[in-house]
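Enquirer:
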Amino acid sequence: MVIHEHGDRTQIAVLDDRNLIEHYVAHGKGKSIAGNIYLGRVQNVLAGMEAAFVDIGKGRNAVLYAGEVNYAPEDLEGEAVPRIE
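All residue numbers for the sequence shown refer to the working numbering, where the first residue is 716 and numbers rise by one.
1) Please report how far the alpha carbon of N751 lies from the alpha carbon of V757, in whole angstroms.
2) Using a C-beta cutoff of 9 Å, does M764 count as contacting chain C?
3) For the beta strand (DSSP E) that I752 lies in, which residues bound it at each end?
4) Candidates M764, L730 and N734: which alpha carbon is nearest G782's?
5) For I727 versus H738, is the C-beta spacing smaller than 9 Å?
6) Under a three-way DSSP split, which group does D723 fall into?
7) So what's A781 in DSSP terms, helix, strand or just coil?
8) Indicate whether L754 and I736 have their beta-carbon atoms separated by less than 9 Å.
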């Protein structure tokens, strides 16, 4: 792993035998909202991408992928709501 910082920009490169595997760039301009918890309203669902665009009040919609939702359907209370596709 190689880390390079210059001003407000940080670059991270992940190498495997001198081959670039992953590259990340972070700018110090704004704060990351990844990992925060928000109350949002689903604005659009793309079934083909298994993703939803959610309004969390930050000026533009967040993307929520189906694989990122971690719950067991049997843990939900009440009757199951039919799935909309």
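Don't be surprised by glycine CBs; every beta carbon is placed ideally from N, CA and C.
Expert: Result, derived from the coordinates:
1) Taking the first residue of the sequence shown as 1, we reach residue 751 at position 36. Taking the first residue of the sequence shown as 1, we reach residue 757 at position 42. Each residue's Cα considered, the two are about 17 Å apart.
2) Protein chain content of the structure displayed is limited to a single chain, and chain C is not contained in it.
3) Looking up residue 752 in the sequence shown gives position 37. Note, I752: premise wrong, no beta strand (DSSP E); not H, not E.
4) Stepping through the sequence shown from its first residue, residue 782 is reached at position 67. The shortest Cα separation from G782 among M764, L730 and N734 belongs to M764.
5) If you number the sequence shown from 1, residue 727 lands on position 12. If you number the sequence shown from 1, residue 738 lands on position 23. Taking 9 Å as the Cβ cut-off, I727 and H738 qualify as a contacting pair.
6) In the sequence shown, the residue the question calls residue 723 occupies position 8. Correct three-state label for D723: coil.
7) As a working note, residue 781 is residue 66 in the sequence shown. Here A781 sits in helix by DSSP.
8) Looking up residue 754 in the sequence shown gives position 39. Looking up residue 736 in the sequence shown gives position 21. It is not a contact, given that the beta carbons lie outside the stated cut-off.
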